[in-house]
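Asks: Residues 18 to 753 (the working numbering) make up the sequence shown, in order.
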Amino acid sequence: MALHSRLFSVYVACTFLILSLLHSSSAAPSGGAYSSSLLPPYDLVYYSGVRAYFGGEWSRAAELLEKSIETKQSLFRLRRQCHDDCLSAGSHALSRLDSEEGSLWDLWMLDWVQQRAECLRFCMGRSITPAGQLPVSTDIEYEFSTRNPYNFLQVTYYKLEKLRKAAAAAHTYFVANPSHLEMRNNIEKYRRMKGVTDEDFQDRELENEKHWVLYDAALQHEASSDWTQAAEKWKACVNETLRQIDECRVQCEVASQPMPEDRGTDGVDGVFEKAAALSLSLLSCRQYCVTQVATRPGRISAQEDLLPTQLEHLHIAQFKAGDFRGALRTLRSLLLFYPSDQDSLDNLQLYQETLEGDTESQGAQPVQEIVGYVSRSLEEKKLLYFGVENLDFKFIDPDLWTPEDVVPESLRESWRAEKEKINEKIKEGEQQEEVDDSGFFSGGVIRQVGVTIAMDDDLLNGTNRVVLDGVATEKECEKILQLAAVAASVGDGYRGRRSPHTPHETFEGLTVLRAVKLAQEGLVNQSDAQLLHELGERVRVLLHSYFRSPSALFISFTHLVCRTAVEGEQEGRLDLSHPVHVDNCLLEPETKQCWKEPPAFIHRDLSAILYLNDNFDGGELFFTNRDAKTVTAQVKPGCGRVVGFSSGPVNPHGVTAVTRGRRCALALWFTKEKLYRDMEREEAEALWAADGHSEFKKEEQETEGGSAASRNARSSQAPKEKSRGRGRVTGGKDEL
18 MALHSRLFSV YVACTFLILS LLHSSSAAPS GGAYSSSLLP PYDLVYYSGV
68 RAYFGGEWSR AAELLEKSIE TKQSLFRLRR QCHDDCLSAG SHALSRLDSE
118 EGSLWDLWML DWVQQRAECL RFCMGRSITP AGQLPVSTDI EYEFSTRNPY
168 NFLQVTYYKL EKLRKAAAAA HTYFVANPSH LEMRNNIEKY RRMKGVTDED
218 FQDRELENEK HWVLYDAALQ HEASSDWTQA AEKWKACVNE TLRQIDECRV
268 QCEVASQPMP EDRGTDGVDG VFEKAAALSL SLLSCRQYCV TQVATRPGRI
318 SAQEDLLPTQ LEHLHIAQFK AGDFRGALRT LRSLLLFYPS DQDSLDNLQL
368 YQETLEGDTE SQGAQPVQEI VGYVSRSLEE KKLLYFGVEN LDFKFIDPDL
418 WTPEDVVPES LRESWRAEKE KINEKIKEGE QQEEVDDSGF FSGGVIRQVG
468 VTIAMDDDLL NGTNRVVLDG VATEKECEKI LQLAAVAASV GDGYRGRRSP
518 HTPHETFEGL TVLRAVKLAQ EGLVNQSDAQ LLHELGERVR VLLHSYFRSP
568 SALFISFTHL VCRTAVEGEQ EGRLDLSHPV HVDNCLLEPE TKQCWKEPPA
618 FIHRDLSAIL YLNDNFDGGE LFFTNRDAKT VTAQVKPGCG RVVGFSSGPV
668 NPHGVTAVTR GRRCALALWF TKEKLYRDME REEAEALWAA DGHSEFKKEE
718 QETEGGSAAS RNARSSQAPK EKSRGRGRVT GGKDEL
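So, in structure tokens, the structure goes:
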């Protein structure tokens with residue numbers, strides 16, 4: 018076997034990555050000095066920009082940080098261009114490979130590889146400095162993957178009073194860091210600044226996220242049963258995903274690769290062993306491209322089976338849209354990933370029966386791009402698993418669809434065990450659907466006079482749900498409605514722009530801090546601003562008592578929200594005012610799982626809505642099962658009515674379309690963690706106190722009370738935290 022391993026090292030080295038080995042030396046100068054117009058190393062430019070930032074040189078910092086982003090993008094474009102330009106290099110030698118035998122085959126192959134490598138080396142040398150061709154450090158890769166340059170740029174542009182550019186930088190950073198509370202607050206401040214418009218909050222990295230835009234658009238069309246549009250979006254999504262994967266694979270091939278480290282004194286690391294390790298690293302890089310493309314900005318984990326999932330959605334949408342031939346072709350493409358999947362085989366039979374008599378359509382073959390993708394991926398996996406078995410190479414397969422016969426017999430037992438763990442996690446998520454591990458236990462005492470329990474868990478068909486009536490009076494509702502009307506007219510919140518969830522409604526919002534500042538400016542009554550704060554505290558105390566929380570309960574965020582139906586745009590409307598979601602995890606309706614990771618607001622424990630009016634049509638809150646389709650309960654709004662529920666996966670919810678009038682409500686979220694309390698409320702209290710008004714009433718001591726015995730008794734009833742896996746669909750919005 019040692020001889021076999023040695024020969025395989027030579028084979029892999031020669032066949033796959035002498036090309037990359039030559040690339041790793043391509044940073045050597047080709048002779049003499051190089052032109053200053055050549056592309057510099059973007060990491061060096063970035064470091065210079067950061068130094069200027071910390072030195073307070075704002076103009077220079079902005080220039081260098083922007084240049085580092087532009088340089089990185091230019092580098093990737095140049096690599097791609099050189100790759101495409103050199104595809105035909107060595108084609109004469111390549112054409113001889115199938116006609117020659119023995120050692121001549123190897124010679125022609127080496128000639129082809131060398132010619133391509135020389136072409137690439139010359140092409141990139143004309144545009145990129147030698148240092149710019151070297152690999153960057155993992156620290157720099159992390160900085161750019163987390164979009165930290167935009168974090169620096171946001172502050173820099175603010176200092177330079179370029180607010181529109183600052184808003185764009187802030188938004189771009191926040192997309193990839195949605196749990197960054199300071200940036201969220203900064204964005205809200207930019208929204209209120211003069212000269213800043215909605216159009217300024219652009220994601221500057223959108224070019225690499227087009228497949229997610231198409232993915233979400235396709236799901237929206239599905240939700241409204243617009244199958245023709247859904248099919249078009251899914252097809253575009255598949256094509257864009259394939260393009261993104263191909264782009265990533267090209268970068269793996271063309272970028273300079275660091276030389277592999279020696280394996281130790283026992284290993285024999287000659288040139289062929291190093292070349293084999295380098296070639297396997299290239300193949301591994303290509304394989305992991307699917308993970309990179311399948312990970313949304315701001316997400317920790319990738320969506321499993323990204324392409325198979327898109328193909329499954331596509332063939333169903335095509336069938337429902339009447340494109341039976343397209344559905345059959347897409348389904349056969351899906352079967353390349355999972356050839357024995359029973360549901361797909363049943364659908365295949367259905368499609369063939371539907372096309373009975375149409376011989377041409379029945380013979381529709383899988384999409385060639387998918388055929389090539391699967392075939393190429395399987396060949397790479399075979400080589401990688403051989404390297405794992407014989408060359409001590411480390412590789413973790415990123416795909417769930419990999420067939421067992423690709424894995425060597427000696428590795429299959431551990432491979433099966435790992436796959437079984439993933440399946441167990443999925444089954445566990447499905448079995449635990451109705452278990453609420455929030456630590457809340459509904460049914461506590463309501464102590465406030467006049468407040469009644471209108472609906473409990475039984476009437477709401479769920480766990481830790483309640484509807485309370487009489488929490489606010491008609492007069493209090495009128496005062497807050499007037500506050501919302503005045504605040505919107507002076508440009509607070511979303512300033513009456515289109516809702517972020519539907520184009521058929523406008524959206525207005527107001528926070529407690531903004532209300533207090535408006536009161537200081539004399540634009541609203543101080544008593545109304547104080548009432549807004551007081552209502553949040555009132556709801557907190559009521560729900561803390563009813564849900565018998567053993568720990569403290571802090572307000573995490575308060576938002577007065579009004580949604581108004583746009584006249585003339587309601588006929589035939591099928592969308593929702595707010596799509597189904599879960600407040601503290603990412604709901605994946607297809608697998609009925611909910612992943613507790615960013616961009617969800619994972620610190621939220623309890624949610625509530627205090628309704629202020631009912632003189633509108635629609636706008637009802639509804640609960641569903643985790644499939645986001647099966648409605649379990651609905652709540653009709655009304656002045657003084659509060660609906661409260663635990664924020665976790667047992668309570669997916671959405672809001673029906675507001676088709677006439679204006680719906681206003683106070684949305685509240687609560688947390689057990691003091692770290693995540695709403696700091697804006699405390700700032701508002703400080704401003705109020707500085708104006709000589711009495712401080713807002715606090716009742717946190719009461720919520721932090723409770724004996725240790727009672728806390729232990731309650732916590733013993735809560736199940737253990739479930740394991741987390743990978744998720745798909747985003748959720749966790751800021752408005753209810």
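Where is the CB? At the ideal position from N, CA and C, for every residue including glycine. Predicted model only: the values in this text are computed from it and were never measured.
1. Determine the direct distance from the alpha carbon of LEU362 to that of ILE333, and round the result to whole angstroms.
2. By how many angstroms is the C-alpha of GLY678 removed from the C-alpha of PHE564?
3. How many Å lie between LYS492 and ARG555 at the Cα?
4. Which residues in the same chain have their Cβ closer than 6 Å to the Cβ of PRO46, if we skip the five residues on either side of it in sequence?
5. Within the same chain, show all residues whose beta-carbon is closer than 7 Å to that of HIS238, passing over the 5 residues directly before and after it, in chain order.
6. Over what stretch of residues does the alpha helix (DSSP H) that includes ALA240 continue unbroken?
7. For a minimum of 4 consecutive residues, which ranges assigned as the alpha helix (DSSP H) are wholly contained in the region 280–323?
8. Using the beta-carbon count (16 or more within 10 Å), is ASP475 buried or exposed?
9. Report, in whole angstroms, the separation of the C-beta atoms of CYS681 and LEU498, which I expect to be a contact under 8 Å.
10. Relative to the C-alpha of ARG429, which residue among LYS411, HIS550, GLU406, THR528 is closest?
11. Grab the span of the alpha helix (DSSP H) containing GLN98 for me, first residue to last.
12. Quick one, which of LYS411, LEU408, GLU397 has its alpha-carbon nearest VAL423's?
13. If the criterion is Cβ atoms closer than 9 Å, does the pair GLN382 and ARG349 meet it?
14. With C-beta atoms as the reference, is PRO615 less than 9 Å away from ASN194?
15. Would the beta-carbon of ALA532 fall within 9 Å of that of ALA504?
16. Here's a check: name, in chain order, each residue in its chain whose Cβ is nearer than 6 Å to the Cβ of HIS330, leaving out the five neighbours to either side.
17. Apart from the five residues on each side of it in sequence, which residues of its chain come closer than 6 Å, Cβ to Cβ, to GLU700?
18. Going straight from the alpha carbon of GLY404 to that of PRO415, what length do you get?
19. Please classify PRO520 as buried or exposed, where buried requires at least 16 other C-beta atoms within 10 Å of its C-beta.
20. Between the alpha carbons of VAL213 and ALA187, how many angstroms are there, rounded?
21. Determine the contact status of ARG464 and PHE662, defining contact as a CB-CB distance below 9 Å.
22. Is there contact here, the region 255–266 with the region 216–230, by at least three beta-carbon pairs under 8 Å?
23. Could you name the residues of the same chain whose beta carbon sits closer than 8 Å to that of LEU81, not counting the 5 residues immediately before and after it, in chain order?
24. Taking THR575 and LEU685 to be in contact with their CB atoms under 8 Å, please state how far apart those CB atoms are, rounded to whole angstroms.
25. On the three-state DSSP scale, how would you describe LEU39?
26. Within the region 370–400, note down every full alpha helix (DSSP H) run reaching 4 residues or more, in order along the chain.
27. Tell me which same chain residues have a C-beta within less than 7 Å of the C-beta of ALA319, skipping the five on either side of it?
28. Taking three-plus beta-carbon pairs below 8 Å as touching, is the region 538–553 in contact with the region 643–655?
29. From this set, MET696, PHE410, VAL192, which residue's C-alpha is nearest GLU290's C-alpha?
30. For ASP217, which of helix, strand or coil comes out of DSSP?
31. Could you give the distance in angstroms between the alpha-carbon of ASP60 and the alpha-carbon of SER431?
32. LEU549 and LEU500 - do their beta-carbons sit closer together than 9 Å?
33. Hey, is the region 203–220 in contact with the region 289–303, meaning 3+ C-beta pairs nearer than 8 Å?
34. Going by C-alpha to C-alpha distance, which of ASP375, GLN366, SER378, ARG393 sits closest to PHE354?
35. Could you give the distance in angstroms between the alpha-carbon of VAL130 and the alpha-carbon of PRO425?
36. Leaving out five residues before and five after TRP75 in sequence, what residues of the same chain have Cβ atoms less than 6 Å from its Cβ?
Replies: If we stick to the structure as given:
1. Taking the first residue of the sequence shown as 1, we reach residue 333 at position 316. Taking the first residue of the sequence shown as 1, we reach residue 362 at position 345. Taking the straight line from one Cα to the other gives about 13 Å.
2. Taking the first residue of the sequence shown as position 1, residue 564 is located at position 547. Taking the first residue of the sequence shown as position 1, residue 678 is located at position 661. About 33 Å.
3. Here residue 492 corresponds to residue number 475 of the sequence shown, with the count starting at 1. Here residue 555 corresponds to residue number 538 of the sequence shown, with the count starting at 1. Looking at the backbone, the Cα of LYS492 and that of ARG555 are separated by about 16 Å.
4. Numbered from its first residue, the sequence shown carries residue 46 at position 29. Its pLDDT being 36, under 50, PRO46 is placed unreliably by the model, and the measurement read from it follows with that caveat. So the qualifying residues of the chain are PRO147.
5. One-based indexing of the sequence shown puts residue 238 at position 221. Non-local beta-carbon contacts of HIS238 in its own chain, meaning distances under 7 Å to residues more than five positions away in sequence, involve GLN246, ALA247, LYS250 in chain order.
6. Working through the sequence shown from its first residue, we reach residue 240 at position 223. Looking at the DSSP string, the run of the alpha helix (DSSP H) that includes ALA240 is 227–240.
7. Taking only runs of at least 4 residues, the alpha helix (DSSP H) segments lying wholly in the region 280–323 are 288–310.
8. The residue you call residue 475 lines up with position 458 of the sequence shown. Burial call: exposed.
9. Within the sequence shown, numbered from 1, the residue matching residue 681 stands at position 664. Within the sequence shown, numbered from 1, the residue matching residue 498 stands at position 481. Here CYS681 really is in contact with LEU498; their C-beta atoms are around 6 Å apart, less than 8 Å.
10. On the sequence shown, position 412 is the one that residue 429 refers to. That would be GLU406, whose Cα lies nearest to the Cα of ARG429.
11. Within the sequence shown, numbered from 1, the residue matching residue 98 stands at position 81. First-last of the alpha helix (DSSP H) with GLN98: 75–102.
12. Indexing the sequence shown from 1 puts residue 423 at position 406. Considering only alpha carbons, the answer is GLU397.
13. For the purposes of this step, residue 382 is identified with residue 365 of the sequence shown, where counting begins at 1. For the purposes of this step, residue 349 is identified with residue 332 of the sequence shown, where counting begins at 1. Result yes, Cβ atoms of GLN382 and ARG349 sit closer than 9 Å.
14. Position 598 of the sequence shown, counted from the start, is the residue given in the question as residue 615. Position 177 of the sequence shown, counted from the start, is the residue given in the question as residue 194. With contacts defined as CB atoms closer than 9 Å, PRO615 and ASN194 qualify as a contacting pair.
15. By one-based count along the sequence shown, residue 532 stands at place 515. By one-based count along the sequence shown, residue 504 stands at place 487. Contact: yes.
16. Reading the sequence shown from its first residue, position 313 is the one you call residue 330. Hits under 6 Å: TRP251.
17. Looking up residue 700 in the sequence shown gives position 683. LEU530, listed in sequence order.
18. In the sequence shown, the residue the question calls residue 404 occupies position 387. In the sequence shown, the residue the question calls residue 415 occupies position 398. If you draw a straight line from the Cα of GLY404 to the Cα of PRO415, it is about 16 Å long.
19. Within the sequence shown, residue 520 is the residue found at index 503, counting from 1. Classification of PRO520: exposed, given that the 10 Å Cβ count is below 16.
20. On the sequence shown, residue 213 is found 196 positions in, with the first residue counted as 1. On the sequence shown, residue 187 is found 170 positions in, with the first residue counted as 1. Cα to Cα, VAL213 sits roughly 13 Å from ALA187.
21. Against the sequence shown, residue 464 aligns to sequence position 447. Against the sequence shown, residue 662 aligns to sequence position 645. Cβ atoms of ARG464 and PHE662: not closer than 9 Å.
22. Touching, per the Cβ criterion.
23. Indexing the sequence shown from 1 puts residue 81 at position 64. Cβ neighbours of LEU81 beyond the five flanking positions: VAL62, TYR63, SER65, GLY66, ALA69.
24. What you label residue 575 is simply residue 558 of the sequence shown in a count that begins at 1. What you label residue 685 is simply residue 668 of the sequence shown in a count that begins at 1. That pair is a contact at about 6 Å.
25. Counting from 1 along the sequence shown, the entry for residue 39 is found at position 22. The predicted model places LEU39 with a pLDDT of 37, which falls under 50 and marks its position as unreliable, so this point remains unresolved.
26. Listed in chain order, the alpha helix (DSSP H) elements of length 4 or more contained wholly in the region 370–400 are 376–379.
27. The residue given as residue 319 occupies position 302 in the sequence shown. Excluding residues within five positions, the ones whose Cβ falls inside 7 Å are THR308, ALA311, THR312, ARG743.
28. Contact fails: fewer than three Cβ-Cβ distances are below 8 Å.
29. As a position in the sequence shown, residue 290 is number 273, starting the count at 1. Taking each of MET696, PHE410, VAL192 in turn and checking the Cα distance to GLU290, the smallest one comes out for PHE410.
30. Residue mapping note: residue 217 aligns to position 200 of the sequence shown, counting from 1. Helix.
31. Residue mapping note: residue 60 aligns to position 43 of the sequence shown, counting from 1. Residue mapping note: residue 431 aligns to position 414 of the sequence shown, counting from 1. Cα to Cα, the separation comes out at about 40 Å.
32. Indexing the sequence shown from 1 puts residue 500 at position 483. Indexing the sequence shown from 1 puts residue 549 at position 532. Against a cut-off of 9 Å, the Cβ pair of LEU549 and LEU500 comes out as a contact.
33. Contact between the region 203–220 and the region 289–303 is not established, with fewer than three Cβ pairs separated by less than 8 Å.
34. Within the sequence shown, numbered from 1, the residue matching residue 354 stands at position 337. Ranking ASP375, GLN366, SER378, ARG393 by Cα distance to PHE354 puts ARG393 first.
35. Your numbering for residue 130 matches position 113 in the sequence shown. Your numbering for residue 425 matches position 408 in the sequence shown. Going by the C-alpha atoms only, they are around 29 Å apart.
36. One-based indexing of the sequence shown puts residue 75 at position 58. Answer for TRP75: THR173, LYS176, LEU177, listed in chain order.
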